[in-house]
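Notes for the one structure printed next.
Chains as they are written, first to last, in my numbering: chain A, 459 to 643; chain B, 459 to 643.
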């Protein structure tokens with residue numbers, strides 16, 4: 459059950475630094491996935507995300523050609539899959555098929571959503587001015603889908619070298635955020 | 459007990475997306491702190507970090523003038539302090555004093571380390587070419603200090619609006635990282 463969130467909520471998903479999958483579909487129609495840990499929120503509204511996708515990533519070509527992608531946010535049950543996706547290349551195999559993941563049509567981009575992920579963010583490249591120097595793509599989030607029915611919601615955070623911290627308890631300190639009320643519901 | 463890590467280990471601390479404090483010291487000698495959730499690893503080696511510090515942040519002036527800062531990484535015991543630091547301005551108060559934090563001399567920058575944090579990363583601005591467009595500063599990590607004796611090591615990840623996920627269990631999938639061995643010990 460995919461529920462839509464406003465694109466301006468991107469920071470609620472990405473600011474916490476979860477590992478994500480980048481889904482693309484090249485002009486040849488082939489979908490691909492890569493694992494990405496180097497990304498950040500750049501701006502709340504419009505929601506901009508910075509993402510490092512380098513020439514060593516097979517997905518870079520499709521991203522560069524189509525200027526769109528989906529950021530799919532997996533939960534802890536997919537941890538091994540996430541690592542394995544980052545350890546093989548879409549040049550030689552169909553990762554959706556290989557890893558038993560289900561591509562679903564997105565609304566604003568051709569790149570597929572990943573059904574097994576908790577959240578999917580449809581994104582467009584809005585600035586490639588920092589790609590030459592740092593392989594840094596500026597993406598604007600267009601649509602966000604969240605699997606509201608899902609029980610497992612613990613994201614995983616890459617500490618490097620294949621070590622992840624799994625979300626533990628949640629701490630709600632919202633009532634102390636006096637300066638930032640304008641961002642909240 | 460502050461133990462030094464190689465600067466190239468920055469990704470082990472920052473890739474997981476923990477909330478951080480940015481410590482600066484202006485040309486007038488005044489130290490200040492801000493809370494930052496919008497940051498990313500850009501590159502492993504040399505270790506580059508992207509950080510959003512906007513004109514709405516009092517620390518921006520010191521960062522811009524001195525071109526250096528310390529990224530201090532707090533653990534869950536400091537969660538309320540971290541939120542409160544983000545909800546007042548260094549224009550009108552000394553945040554180290556107000557929040558009972560201890561500035562310690564760094565080695566390569568004038569900005570102070572924060573003794574109560576698990577890790578402190580001494581950083582220099584190496585590129586301000588994206589500041590005008592996105593308030594995005596590219597920092598190079600110079601030194602990393604880690605409090606090796608500390609028992610509490612759970613980082614907190616901002617989900618926006620004052621909600622944090624606290625590090626739970628750790629998952630070590632390093633043996634699956636076949637493609638990235640060159641980055642590991």
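By construction, the Cβ of each residue, glycine as well, lies at the ideal position given by its N, Cα and C atoms. Here the structure is a predicted model, which is why all the values come from computation and not from measurement.
Is the Cβ-Cβ distance between residue 402(B) and residue 569(B) less than 8 Å? This structure gives no information on residue 402(B), because the portion of chain B shown stretches from 459 to 643.
Quick check: residue 624(B) and residue 472(A), are their CB atoms within less than 8 Å of each other? Along the second chain, read from residue 1 onward, the residue named residue 624(B) stands at position 166. Along the first chain, read from residue 1 onward, the residue named residue 472(A) stands at position 14. Cβ atoms of residue 624(B) and residue 472(A): not closer than 8 Å.
Measure how close the beta-carbons of residue 526(B) and residue 575(B) come, nearest whole angstrom, since I'm counting them as under 8 Å. Numbered from its first residue, the second chain carries residue 526(B) at position 68. Numbered from its first residue, the second chain carries residue 575(B) at position 117. Not really, about 17 Å apart at Cβ, beyond 8 Å.
What are the residues in the segment 487 to 516 of chain B lying within 8 Å of chain A by C-beta distance? 495, 496, 497, 498, 499, 500, 501, 506, 508 and 510
If you count every other CB in all the chains shown that lies within 10 Å of the CB of residue 637(A), and 16 or more means buried, which is it? Locating residue 637(A) in the first chain gives position 179, counting from the first residue. Result: exposed.
Under 8 Å, Cβ to Cβ, is there at least one residue of chain B near residue 470(A)? Along the first chain, read from residue 1 onward, the residue named residue 470(A) stands at position 12. Closer than 8 Å: yes.
Pop quiz: residue 561(B) and residue 554(B) are said to be a contact at Cβ under 8 Å. What is the actual Cβ separation, rounded to whole angstroms? As a first step, residue 561(B) must be located in the second chain, where it is residue number 103. As a first step, residue 554(B) must be located in the second chain, where it is residue number 96. Right, the Cβ-Cβ distance comes to about 5 Å (below 8 Å), so this counts as a contact.
Chain-order list of residues whose beta-carbon lies under 8 Å from that of residue 511(A) (same chain, five-residue window excluded): Within the first chain, residue 511(A) is the residue found at index 53, counting from 1. These residues qualify, in order along the chain: 480, 492, 494, 517, 518, 521, 593 and 595.
By the three-class DSSP mapping on this structure, what secondary structure does residue 493(B) have? Taking the first residue of the second chain as 1, we reach residue 493(B) at position 35. In the structure shown, residue 493(B) sits in a strand (DSSP, three-state: E or B).
Based on the DSSP secondary-structure assignment, which residues constitute the bridge partners of residue 578(A)? Counting from one through the first chain, the residue named residue 578(A) turns up at place 120. Partner(s): 530(A) and 603(A).
Do residue 579(B) and residue 540(B) have their C-beta atoms within less than 8 Å of each other? Taking the first residue of the second chain as 1, we reach residue 579(B) at position 121. Taking the first residue of the second chain as 1, we reach residue 540(B) at position 82. No, Cβ-Cβ distance for residue 579(B) and residue 540(B) is not below 8 Å.
Counting pairs of Cβ atoms below 8 Å between the segment 498 to 512 of chain A and the segment 546 to 553 of chain A, do you hit three or more? no
Alpha-carbon to alpha-carbon, residue 515(B) and residue 571(B): Stepping through the second chain from its first residue, residue 571(B) is reached at position 113. Stepping through the second chain from its first residue, residue 515(B) is reached at position 57. Going from the Cα of residue 571(B) to the Cα of residue 515(B) covers about 19 Å.
Under 8 Å between C-beta atoms, does residue 610(A) make it to chain B? In the first chain, counting from the first residue as 1, residue 610(A) sits at position 152. Not closer than 8 Å to any Cβ of chain B, the Cβ of residue 610(A) fails to qualify, so no.
Confirm, please, whether the CB-CB distance from residue 615(B) to residue 464(B) is below 8 Å. Residue numbering aside, residue 464(B) sits at position 6 when the second chain is read from its first letter. Residue numbering aside, residue 615(B) sits at position 157 when the second chain is read from its first letter. Against a cut-off of 8 Å, the Cβ pair of residue 615(B) and residue 464(B) comes out as no contact.
Among the residues of its own chain, which have a CB less than 7 Å from the CB of residue 478(B), if the five just before and after it don't count? The residue labelled residue 478(B) in the question sits at position 20 within the second chain. Around residue 478(B): 494, 497, 529, 530 and 531.
Given a limit of 9 Å on CB to CB distance, which residues of the segment 529 to 559 of chain A reach chain B? 534, 537, 538, 540, 541, 542, 544, 545, 546 and 547
Does the beta-carbon of residue 516(A), which I'm using as the reference point, lie nearer than 7 Å to any heavy atom of the ligand NAP? The model depicted lacks the ligand NAP and carries no ligand whatsoever.
Would you say residue 621(A) faces chain B, with C-beta separation under 8 Å as the test? Numbered from its first residue, the first chain carries residue 621(A) at position 163. Yes, residue 621(A) lies at the interface with chain B (some Cβ there is under 8 Å from its Cβ).
Looking at the unbroken alpha helix (DSSP H) that takes in residue 509(B), where does it start and where does it end? Translated into the one-based positions of the second chain, residue 509(B) becomes position 51. Residue 509(B) -> not in any alpha helix (DSSP H); beta strand (DSSP E) instead, spanning 506 to 510.
Starting from residue 525(B), find everything on chain A with Cβ-Cβ shorter than 8 Å and list it in chain order. In the second chain, residue 525(B) corresponds to position 67, counting from 1. The contacting residues do not exist; residue 525(B) stays about 18 Å from chain A at best.
Among all the DSSP beta bridges, which residues are the ones paired with residue 499(A)? Within the first chain, the letter at position 41 stands for residue 499(A). In DSSP, residue 499(A) forms a bridge with 507(A).
Find the residues of chain B that neighbour residue 618(A), judging by a C-beta separation of less than 7 Å, and give them in chain order. Here residue 618(A) refers to the residue found at position 160 of the first chain. The answer, in chain order, is 469, 470 and 473.
Name the DSSP bridge partner or partners of residue 562(A)? Reading the first chain from its first residue, position 104 is the one you call residue 562(A). 571(A).
Can you check whether the C-beta of residue 598(B) is within less than 8 Å of a C-beta belonging to chain A? Walking along the second chain from the start, residue 598(B) turns up at place 140. By this cut-off, residue 598(B) is not an interface position.
Please state the DSSP three-state secondary structure of residue 632(A). Here residue 632(A) corresponds to residue number 174 of the first chain, with the count starting at 1. In this structure, residue 632(A) counts as helix in the three-state DSSP scheme.
Identify every residue that forms a DSSP beta bridge with residue 482(A). For this step, residue 482(A) is matched to residue 24 along the first chain. 490(A).
Here's the rule I'm using: 16 or more other beta-carbon atoms within 10 Å means buried, otherwise exposed. How should residue 617(B) be labelled? What you label residue 617(B) is simply residue 159 of the second chain in a count that begins at 1. Residue 617(B) should be labelled buried.
Who are the Cβ neighbours of residue 599(B) in its own chain at under 6 Å, not counting the five residues just before and after it? As a working note, residue 599(B) is residue 141 in the second chain. Once the five neighbours on either side are set aside, the close Cβ partners of residue 599(B) are 465, 468, 505, 579 and 581.
Residue 620(A) to residue 486(A) span [Cα, whole Å]: Position 162 of the first chain holds residue 620(A). Position 28 of the first chain holds residue 486(A). Cα to Cα, residue 620(A) sits roughly 32 Å from residue 486(A).
Which residues in chain A have a C-beta closer than 8 Å to the C-beta of residue 614(B)? List them in chain order. Locating residue 614(B) in the second chain gives position 156, counting from the first residue. Going along chain A in sequence order, the residues near residue 614(B) (Cβ under 8 Å) are 629.
So with CB distances below 9 Å, who are the chain B contacts of residue 624(A)? As a first step, residue 624(A) is located in the first chain; it is residue number 166 there, counting from the start. Result: 625, 626, 627, 628 and 629.
Partners in chain B for residue 634(A), counting only beta-carbon separations shorter than 8 Å: Here residue 634(A) is taken as the residue at index 176 of the first chain, counted from 1. Neighbours of residue 634(A) on chain B, chain order: 538, 541, 542, 545 and 620.
Over what stretch of residues does the alpha helix (DSSP H) that includes residue 472(A) continue unbroken? Stepping through the first chain from its first residue, residue 472(A) is reached at position 14. Its alpha helix (DSSP H) spans residues 468 to 472.
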